[in-house]
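If you use this note's numbering, the sequence shown closes out at 654, no skipped numbers anywhere. Cβ atoms here follow ideal geometry from the backbone N, Cα and C, with glycine treated the same way. Single-structure report; data block below.
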Amino acid sequence: MPPDRSHDEEAGSKDGAGGVRREIIFEFTPIGASVKVTAVDVTSGLEVSVVAPSSAARTELERVALQKLRYMLGRKADKHIDRKNPSDREGPGGGGIVV
C-alpha cells in the first residue's frame, strides 16, 4: 500500500469544529484479506477505525472512515453541550433529588 497521508477536511456544522478546517490523518493496516483504516483528527486527537475488504477502493475506505469520524466528533460536541447545560438533554435527568 502507498504510504499514509493526511489532508485537510472542510468540517461540517455538526462535527464540533465550528466550520473550521481540520487536519485528518489516515492510517491503513492490512489484516489478512481485510484492511483496518484509522482516521485521526489532529486537533482533538479523536481516533476511529473501520475494517473493510482490502479490495475496496482507497477513496471509499477514506470516505467511510471520515464519515465515522465526523459522526463521533458530532457526538463529542453534543456531550460537551450536555455537560455545560443539563437542561438541554432529552428525557429524564440524572436521577438526583432536589430538596
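Cβ-Cβ distances below 8 Å link L601 to V595, L624, M627, L628, K631 in the same chain, with the five nearest sequence neighbours on each side left out; the list follows chain order. Taking 8 Å as the cut-off, the Cβ atoms of V592 and A620 count as close. Scanning its chain for C-beta atoms nearer than 8 Å, with the 5 sequence neighbours on each side dropped, one finds around E617 the residues F581, V592, A594, in chain order.
Closest option to T598, judged by alpha-carbon separation, among V590, E578, A607: E578. Following the DSSP letters along the chain, one finds S609 in no beta strand (DSSP E), marked with neither H nor E.
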